[in-house]
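Chains as they are written, first to last, in the numbering used here: chain E, 1240 to 1370; chain X, 3 to 93.
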Amino acid sequence: MMDKITNTITSRAFSKAARWQIIITVLISVVSLSVAGMNAAISAIAGGAAVIAGGFAGMMMARRPNGGTPGAILFSLLKAEVIKVIVIAMLLLVTFKYYRGLVSLSLIGGLAGSALASGAGLRAVNNENDE
Amino acid sequence: MENTVQYLAMIQSYTIIGISLIIGLGAVSACIGISLMCCSFLNGAARQPELIPTLQGKVFLLMGLIDAPFIIGVGLAMMFAFANPLLAVIK
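Shown next as C-alpha cells:
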C-alpha cells in the first residue's frame, strides 16, 4: 500500500517536472532557431532531451519496490540518481561525439534550462500534501 | 609554427586543468548537498514515519535540483573537451 502511494507521488512529481522541462526546452529551442539556425535548435532539444531521459530512467529506478525502511528507500533513491547522471552523461557524450553540426552554447542552454526546471515538480508534491 | 604548437599545447593543458576543476568541485558540492539532504530525510523519517512517501517524492526532486549544477558542469566540461572554443584563437 505504502509503495503504491509513494510510486504515485513520485510519478506525479516527475510528470509535472517533465512538463515544465519540455516547455523550457522548446522555448530555448525556438530562441536558438531564430538566433542561430536549425542546428542550434536541434542542439538545444538534444540537451533538454538528455536531462528528461535521464530523469525518466531515474524515476523508473526509484519506483522499483524497496524494503520500505528509510535506509532502503534512501539507497534506492541514490541508485536512481546514479542511473540518472550516467544516462545524462552518456547521452551528452554521444551527442558531442557524433553530431557534426552541434552548436555547443545552445546545447548547454537547453541542458541548463531543463535541469533547473526540474524543481517545478515540487509544486505537485506540495499540492498532493494539501489534498 | 613552433609557437603555434606551443600555444596549442598550453591551451590544451590549461583546458584539462579547468575540466578537472569543473567536474571535481561540482561533484564535491553535489555530494555535500545530497548528504545533508539525506541526513534530514533520515531524521524526518525517524520522527514521523507516516510522512515517508511524501518525503521520498521531495527527496527525489531535490536530488535532481542539487545535481543540476553538476550536470551543467559536465555539459560544459564536454564542450571544452570535444569542441573547445578557445582553440579558435590558433586557427
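Quick reminder that beta carbons are idealized off the backbone N, C-alpha and C, glycines included.
- With a threshold of 8 Å between beta carbons, A11/X makes no contact with chain E.
- Using a CB distance below 9 Å, the part of the segment 55-67 of chain X facing chain E consists of P55, T56, L57, Q58, G59, K60, V61, F62, L63, L64, M65, G66, L67, ordered along the chain.
- Between the segment 42-50 of chain X and the segment 1334-1344 of chain E there are fewer than three inter-stretch CB-CB distances shorter than 8 Å, so the stretches are not counted as touching.
- The beta-carbon of S1254/E is placed no less than 8 Å from the nearest beta-carbon of chain X.
- With its beta carbon at least 8 Å from every one in chain E, A90/X lies outside the interface.
- Between G1352/E and I1281/E, the beta carbon gap of about 15 Å keeps them out of contact (Cβ cut-off 8 Å).
- The C-beta distance from A70/X to A1354/E rounds to 4 Å, short enough to meet the 8 Å contact threshold.
- A direct Cα-Cα distance of roughly 8 Å separates I1327/E from I73/X.
- With a 10 Å radius around the Cβ and a threshold of 16 neighbouring Cβ atoms, P1309/E comes out buried.
- In the three-state scheme derived from DSSP, where H, G and I count as helix and E and B as strand, N45/X is classed as helix.
- Judged by pairs of C-beta atoms under 8 Å, the segment 1301-1315 of chain E touches the segment 49-65 of chain X, as three or more such pairs exist.
- For C40/X, a Cβ of chain E is located within less than 8 Å of the residue's own Cβ.
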